[in-house]
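Numbering (the working numbering), first residue to last: 1 to 298.
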């Protein structure tokens, strides 16, 4: 990978990691479902008027929009609002990789390797380390909600795979159009008109910047650049860099909210990131090492 492309990829992982702290800033004055609803409204509009519909069945576009918008980001927003720190949320959400593996084995009959089992074991040890944190940055409700968000993300990945779209940006824009109305309706069902009156009376520049950051650098620009890099370089070159997201997520929370890096948190980061590395790339690394050893003269 060229140095400028490597720096660009790392910048995207930094944006994605920092996004969790940015979301928390927005949640100080905006309800979780409303914040997600505004985000996806701006992801869809006005772009949907200029980008042709992707050549994908409507059920995949609608399904992805509902699962990605409500099941993932609506629920993750709710989890952060429930007391889970932005840094821990960014870390726990990475469990979506393992949920995707489990769903893939069930739906697509894919075999789970011993490396994937080992990675899951390491990550679960990291989750236990998170559960033991008692500094006020972890709540049971927040942890469960973000884990549910991780399940939703894995379901969205399955929908994306079944859709078999090559028009990734168009798919993101068009599917985003189906998230806002259900999100706004959910907030009204849960909170009545309170969330909307609060939005009008207390909307501040933190919330506005949070929304703009989530829409443009994080979602539209981030996914466009990332998928462009995936087209230019092998997946095995680009994808491992996503392991930096929870690292930047925790660092962002430390910088913005002065979150304390306790030993339990450091252990959790090491275990979960290591588990992701082993589960997703262990077989590939071992195969590369064996090929290299075969080429070496005895």
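Virtual Cβ for every residue (Gly too), placed ideally from N, Cα, C.
Query	Result
Span separating the alpha-carbon of residue 245 from that of residue 220	17 Å
Interface flag, residue 106 vs chain C, CB-CB below 7 Å	Absent from the structure is chain C; it holds one protein chain and no more.
Segments of 3+ residues assigned as beta strand (DSSP E) that fall wholly inside the region 85 to 110	none
Validate contact between the region 61 to 81 and the region 151 to 168 using beta carbons, cut 8 Å, 3 pairs	yes
Sequence-distant residues of its chain with Cβ nearer than 8 Å to residue 232 (five each side left out)	5
Top-ranked residue by Cα proximity to residue 247, from 1, 10 and 2	10
C-beta contact flag for residue 21 and residue 89 at 7 Å	no
Option nearest residue 342 by Cα separation, candidates 102, 107 and 123	The first residue shown for the chain is 1 and the last is 298, placing residue 342 beyond what the model contains.
First and last residue of the uninterrupted alpha helix (DSSP H) at residue 203	Neither: residue 203 is in no alpha helix (DSSP H) and is coded neither H nor E.
Cβ contact check for the region 47 to 57 and the region 161 to 181: 3 or more pairs under 8 Å	yes
Three-state secondary structure (DSSP) of residue 231	helix
Pair within 7 Å by beta-carbon distance, residue 183 and residue 33	yes
Residue 32: first and last residue of the uninterrupted alpha helix (DSSP H) it sits in	32 to 44
Residue span of the alpha helix (DSSP H) that contains residue 73, given as start and end	Careful: residue 73 lies outside any alpha helix (DSSP H) and carries neither H nor E.
Three-state class that DSSP yields for residue 187 in the structure shown	helix
Three or more C-beta pairs below 8 Å linking the region 246 to 262 and the region 125 to 132	no
Residue 48 CB to nearest heavy atom of the ligand GDP below 6 Å	Absent from the structure shown: the ligand GDP. Ligands present: none.
Pairwise C-alpha distance: residue 91 and residue 192	32 Å
From 213, 28, 25 and 46, residue whose alpha carbon lies closest to that of residue 177	46
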